[in-house]
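For what it's worth, this note's numbering labels the leading residue of the sequence shown as 45, then goes sequentially.
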Amino acid sequence: MEADLKPVDLSDSIKVFTWNRRCLSIVGIWPLKVYDPIFLFSFVYLAVHCVFGILDLTNYSKNFDLIVVNITENMVMLNALIKMSICRFHRDSLAQFLIKIRKDFKVESYKSREEILTFFGYNRLSYLFSVTSLSFMSFISIIYFLRSLVANVQMGNYI
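See below:
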């Protein structure tokens, strides 16, 4: 049975951990290694952005289109802020969970090939989801900032 279990590919399962570690470390909330200065900077930045967005609503209370755009943008930022806070406040239980599931990445801990294929099938699915989400979020972020840049460059041509 040992020889039958060896050909299982662990790379996608390990990549899921690696991608999550890298993404969460950027904002300082990877549960196994929390970095307070980066988290505080990210948290304060998002909080200030949300507060200014809410204050901006008062300037455009008559224009419904601008209110919808403002609320749409602020909901995304508020969502990110809340998720960061949840990850930060539950970092101990998340760290224990990550340590426990690391043991599942060993082929020897499964009784049959079906268990292994089921587990790694779900991990392949989570890897595809992570790659798709990260690619989509990166693309949208680039478009978001380029939109502002293009608008400013066009205004500069008229001066």
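For every residue, glycine included, the Cβ atom is placed at its ideal position computed from N, Cα and C.
| Item | Value |
| --- | --- |
| CB-CB length for Ile73 against Met128, believed under 8 Å | 6 Å |
| Glu152: first and last residue of the uninterrupted alpha helix (DSSP H) it sits in | Premise fails: Glu152 is in no alpha helix (DSSP H) and is neither H nor E. |
| Per-residue DSSP class, three states only, for Gly72 | coil |
| Proximity below 8 Å, CB of Asp56 to CB of Arg157 | no |
| Residue burial classification, Tyr171 (beta-carbon count within 10 angstroms, cutoff 16) | buried |
| As assigned by DSSP and simplified to three states, the class of Ser86 | helix |
| His93, DSSP secondary structure in three states | helix |
| Opening and closing residue of the alpha helix (DSSP H) in which Asn123 lies | Phe108 to Phe133 |
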